[in-house]
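Here is the structure we will look at.
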Amino acid sequence: MAVRIRLVPCLSDNYAVILHEVDTNTTVLIDAPEAAPIEAALDQAGWKLTHMLITHKHGDHVQGIAALKKKYGATVIGPRGEASEIPMIDSKVAEGDVVSVGNMKAKVFETPGHTAGHIVFWFEQEKLLFAGDTLFALGCGRSFERPASVLWQSILKIRDLPGDTKLYCGHEYTLSNARFSVTVDPKNAALKRRLAEIERARAEGKPTVPSMMQEERETNPFLRPDNTEVAEALGMKGADPAAVFTELRERKNNFKG
Ligand code: ZN
Ligand code: FE
60 MAVRIRLVPC LSDNYAVILH EVDTNTTVLI DAPEAAPIEA ALDQAGWKLT
110 HMLITHKHGD HVQGIAALKK KYGATVIGPR GEASEIPMID SKVAEGDVVS
160 VGNMKAKVFE TPGHTAGHIV FWFEQEKLLF AGDTLFALGC GRSFERPASV
210 LWQSILKIRD LPGDTKLYCG HEYTLSNARF SVTVDPKNAA LKRRLAEIER
260 ARAEGKPTVP SMMQEERETN PFLRPDNTEV AEALGMKGAD PAAVFTELRE
310 RKNNFKG
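Counting from 1, position 152 in the sequence shown corresponds to residue 211 in our numbering; the numbering is continuous, with no gaps.
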C-alpha cells in the first residue's frame, strides 16, 4: 500500500501534487496548473500519469490538462457542476461520489464558494485532503461565485476531518495568510508560533504545504469564526459564525501585508 507523494511548484505560486501508488503503478495528478514542471517531476520519478483529478475550472488549475492528456492519455476526473469548463474531462463527479484510482479511493465533497462547482478530494485511508482553492493553509479561497456564507457551509463539511489528515492546497499563500491571521486572532499562542515557523520556512525557500488539519483547526481563523476570541477581536461577540466568517473574508480581501 505504499504511496509516494510529490509536491510540484507551478507558475508563480501554484502547487500541483502527484500521488504514486507503487503496487498498482497508478499515478494521480491533483490539478494541472502547468504541464512542463509536472512532466519534469514525472520523468525524474520514472512515473507515467494515469489520472488527473481537477478541483475547479480556473486557468491556473486546468491549463496543463491538454498537454498532459496528449502525452499520457490519463483519465481526467473533475467537477460535474462546471464540467463544461474542464478541458478534456472524462468523468464528472459530485457530492458523495467515491473516485477509485488504483487501490486508492477519494471521497468527493462539493464546496461551492470560490467557484460554484468547486470540489475537494479526501483520501481517507491515505489521510490526504486536496482542497484546491477552497481551504488554504491559514486561509481560504476568495468567494468569487457564491456568498462567503455559502463558502463557510462548504468549509464546515471538511473542518472536522481527522486531525492527522494532511491538507494540500492549491497555492503557497501561507505567509500572507499568517500575517493576516495574527491580526484577527491576536491571543492565539499556537498561531504566533506557527507564524514564526512559516517565516523561517519561506526565508529558506521551503514550502509550507502540506499542513495538518489539527493545526489548521487550532490556528486558521477561517476555521474558527465560532471561536469567542476571534469573534471578540472583530468586535462581533455573540454574532452568527457565518457573519464572522464573512467579516474575516472581507478583511482579508482588503489586507495589505
Ligand atoms: Zn481558483
Ligand atoms: Fe488557483
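Glycine included, each C-beta is placed from N, C-alpha and C at the ideal position. For clarity, every value in this text was computed on a predicted model and none was experimentally measured.
Is the beta carbon of residue i within less than 7 Å of some heavy atom of the ligand FE?
i	result
Gly229	yes
His117	yes
Asn73	yes
Asp192	yes
His15	Outside the displayed span of the chain (60 to 316) sits residue 15, for which this structure offers no information.
Residue i: buried (16+ other C-beta within 10 angstroms of its C-beta) or exposed?
i	result
Thr85	buried
Leu137	Here residue 137 turns out to be Gly, not Leu, going by the sequence shown. Buried: at least 16 other Cβ atoms inside 10 Å.
Ser71	exposed
His157	The question names His, but residue 157 is Val in the sequence shown. Exposed is the call here.
Thr83	exposed
Pro269	buried
Gly294	exposed
Val81	exposed
Asn279	buried
Arg317	This structure cannot settle anything about residue 317, because the visible part of the chain is limited to 60 through 316.
Phe189	buried
Phe203	exposed
Asn236	buried
Glu258	exposed
Ala104	exposed
Lys315	exposed
Lys128	buried
Output the distance between the C-alpha atoms of residue i and residue j, rounded to the nearest integer angstrom.
i	j	result
Phe239	Leu197	9 Å
Arg218	Thr224	11 Å
Glu306	Gly172	15 Å
Tyr74	Phe195	11 Å
Ala290	Lys246	12 Å
His115	His177	5 Å
Glu93	Arg205	27 Å
Ser208	Gly191	19 Å
His117	Arg201	13 Å
Ala142	Val62	28 Å
Arg139	Glu183	22 Å
Val87	Met271	21 Å
Gln122	Ile97	12 Å
Val179	Asp90	11 Å
Leu250	Cys199	16 Å
Val241	Ile148	40 Å
Ala255	Leu226	20 Å
Thr267	Gly222	17 Å
Ile77	Ile145	19 Å
Val160	Ala126	21 Å
Ala95	Ile64	18 Å
Leu101	Met163	19 Å
Please determine whether the Cβ atom of residue i lies at a distance below 7 Å from any heavy atom of the ligand ZN.
i	result
Asp90	no
Gly200	yes
His79	no
His5	No answer is possible for residue 5: the residues shown for the chain start at 60 and end at 316.
Pair every Cβ in the stretch 160-180 with every Cβ in the stretch 212-231, then say whether three or more of these pairs are closer than 8 Å.
-> yes
Pick out the complete alpha helix (DSSP H) segments inside the stretch 182-239, 4 residues or longer, and give them in chain order.
-> 207-218
Tell me, please, whether the stretch 262-269 touches the stretch 105-120 by the rule of three or more beta-carbon pairs shorter than 8 Å.
-> Taking one beta carbon from each stretch, the stretch 262-269 and the stretch 105-120 have fewer than 3 pairs nearer than 8 Å; the two do not touch.
Kindly provide the ranges of any alpha helix (DSSP H) runs that are 4 or more residues long and lie completely inside the stretch 245-276, ordered along the chain.
-> 248-262
Where are the beta strand (DSSP E) runs, 3 residues long or more, that stay fully inside the stretch 95-135, in chain order?
-> 110-112
Per the contact definition of three or more C-beta pairs closer than 8 Å, is the stretch 299-314 in contact with the stretch 279-289?
-> yes
The stretch 147-162 in contact with the stretch 230-239 per 3-pair CB rule at 8 Å = no
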